[in-house]
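Using UniProt numbering, the letters of the sequence shown correspond one by one to residues 1 to 402. Backbone N, C-alpha and C fix where the C-beta goes; we use that ideal spot for every residue, glycine too. Working notes for the structure below.
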Amino acid sequence: MINLEIPKKAKALVNQAHQAAAEVFRPNSRKYDRAEHAYPTELDMLASLLDGLNSSGEGGAGASGVRKDDGDDDRGNRNGGNLSTVLGAIEMCWGDVALLLSMPRQGLGNAAIASVANDEQLERFKGKWAAMAITEPSFGSDSAAVSATAELDGDEYVINGEKIFVTAGERADCVVVWASLDRSKGRAAIKSFVVEKGTPGFEVVRLEHKLGIRASDTAVLRFDNCRVPKENLLGSPEIDTKTGFAGVMQTFDNTRPMVAAMAVGVARAALEETRRVLEDAGVDIDYDKPANAQSAAAATFLQLEADYEAAYLLTLESAWMADNRKPNSLQASMAKAKAGRSGVDITLRCVELAGVYGYTEESLLEKWSRDAKILDIFEGTQQIQQLIIARRLLGKSSAELK
């Protein structure tokens, strides 16, 4: 195994995140898995603590964004907010991924605002809990197929459309909505807008019942002639057909490492519990012997642990690159693809290795296998990540490689 030291500046955060996961998330994990759509009130105090960490610059385990300033970049290598956020998320998801997704003001929409909002918007939306609304009934992975529209009318944009599978869509204070300024101009016209709860024409239609992450609410939203100030558009209002919709896609460079970290945390939880089960059953896992010279259970565990390590390192690399202002779109997709797939594989195989115990609600292994599946789907499916990686490696455009 490769054990990298946690950066000194992040150790306190990691310890605090693990303590919160062990004392708040893990003990309430089964409770809110059963009580789907019930708000976990235990999170309120913890959310306030994370707010303090974020505002102090120490970083938290939730929302974070890559601020790509144009100033002098001669700072040398550094470990900053993105790496701290990823490390914190791993620890929190070791406790429960759905409860992390339910944390106030730590949503994927917050990461989008932190990444691309201007200074005035950052101040205006400070303290808001923001969800992210991209997927529609007519498409899932193809983000360029957005059909929701935003038409400028005076000093306001009029938004129309429907969004599905919106994490924290009911609980959040506002939603970052992807909509097109002009559908005839394709993906270049797709922009993101902050729509606050209570805005006329903004409706939460229903909440979904899900396989996993049941503590997190997942909503269907409808926008019917919903008017928002033009100042709520994130990024530039100009439609630049040369750059496409790179501005809104930049958000994924920040959120994909975060989702990868979630998968890594769930996988680690499953591996630790499975190790305990195997050791109690008398299975010896020997790192000094080849896997093929050990029992089938031990060999399988070593294989799963190797998968975990690869996902972990890819996730750290993508976050470190963001901290050092290096383009990380390829690495973000590689981390998301590897961690998402490995998280599903590891948790399911851990259920198998634990036998009857792993399949029942006596342990959290079966829950982790259910929770892990969405981490291979949202923020870009496994297949989409592989397509992005192939385009980057081969130097192909989206039109050349579909």
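Tell me whether A133 is buried or exposed, calling it buried when 16 or more other Cβ atoms sit within 10 Å of its Cβ.
A133 is buried by the Cβ-count criterion.
On the criterion of 16 or more Cβ atoms from any shown chain inside 10 Å, does Y32 qualify as buried, or is it exposed?
buried
Out of R391, D96 and R34, which one is the CA nearest neighbour of residue 441?
Outside the shown range of the chain, which is 1 to 402, sits residue 441, and nothing can be said about it.
With C-beta atoms as the reference, is A291 less than 9 Å away from Q303?
yes
Could you check whether the stretch 224-233 touches the stretch 338-348, counting it as contact only if at least three pairs of C-beta atoms, one from each stretch, sit closer than 8 Å?
As far as the Cβ criterion goes, the stretch 224-233 does not touch the stretch 338-348, which means the pair count is below three.
Minimum C-alpha distance to D371 - residue among P237, S141, A270 and Y157:
Of P237, S141, A270 and Y157, the residue nearest in Cα terms is A270.
Helix, strand or coil at A390 according to DSSP, with G and I counted as helix
helix
Tell me, to the nearest whole angstrom, how far the beta carbon of A130 is from that of G107; I am working on the premise that it is less than 8 Å.
5 Å
CA-CA distance, A189 and L152?
13 Å
Simplified DSSP state of E36, which is helix, strand or coil:
Three-state DSSP puts E36 in coil, outside helix and strand.
Among residues of its own chain, excluding the 5 on either side of residue 419, which ones have a beta-carbon nearer than 7 Å to its beta-carbon?
With the chain represented from 1 up to 402, any question about residue 419 goes unanswered, as that position is not in the structure.
Taking buried to mean at least 16 other C-beta atoms within 10 Å of its own C-beta, is M334 buried or exposed?
buried
If you run the structure through DSSP and keep just helix, strand and coil, what is P7?
For P7, the three-state secondary structure derived from DSSP is coil.
Shortest alpha-carbon distance to G198 belongs to which of N110, R171, A215 and K126?
Among N110, R171, A215 and K126, the Cα nearest to that of G198 belongs to R171.
Per-residue DSSP class, three states only, for T360:
coil
For the structure I just gave you, are there three or more beta carbon pairs, one from the stretch 250-269 and one from the stretch 307-322, closer than 8 Å?
yes
CA nearest to the CA of K126, picked from N160, E196 and A89:
Among N160, E196 and A89, the Cα nearest to that of K126 belongs to E196.
Tell me, please, which residues DSSP counts as bridged to M132.
According to DSSP, which records beta bridges pairwise, M132 is partnered with V176.
Helix, strand or coil for N328, going by three-state DSSP, please let me know.
coil
Leaving out five residues on either side along the sequence, give the residues of the same chain with a beta carbon under 6 Å from the beta carbon of Q331.
E317, S318 and M321
Quick test of your reading: N82 and P257, contact by CB under 8 Å. State the CB separation rounded to the nearest angstrom.
Here N82 really is in contact with P257; their C-beta atoms are around 7 Å apart, less than 8 Å.
Can you list, in chain order, the stretches of the beta strand (DSSP E) that have 3 or more residues and sit fully within the UniProt domain "Acyl-CoA oxidase/dehydrogenase middle" (131-226)?
149-153, 156-167, 174-180, 190-196 and 202-207
Starting from R370, trace the alpha helix (DSSP H) both ways and give me its first and last residue.
L365 to L375
Just the C-alpha distance for R187 and T255, rounded to the nearest angstrom, thanks.
20 Å
Three Cβ pairs or more, each shorter than 8 Å: is that satisfied between the stretch 135-149 and the stretch 201-219?
no
Counting C-beta neighbours from all protein chains within 10 Å, is the total for V86 16 or more, i.e. buried, or is it exposed?
buried
Nearest CA to the CA of residue 404: which residue from V228, A10 and L43?
Since the displayed the chain opens at 1 and closes at 402, residue 404 lies outside it and no answer follows.
Report the three-state DSSP secondary structure of V228 (helix, strand or coil).
strand
What would DSSP say about L234, mapped onto helix, strand or coil?
strand
Scan the stretch 240-315 and note each continuous alpha helix (DSSP H) run of 4 residues or more that stays entirely inside, going in chain order.
246-280
Just to confirm my understanding: we take V24, look at its own chain, exclude 5 residues before and 5 after, and list those with CB closer than 8 Å. What are they?
E42, L43, L46, G95 and L99
Is it right to say V205 is buried, meaning 16 or more other beta carbons lie within 10 angstroms of its own, or is it exposed?
Answer is exposed; the Cβ neighbour count stays below 16.
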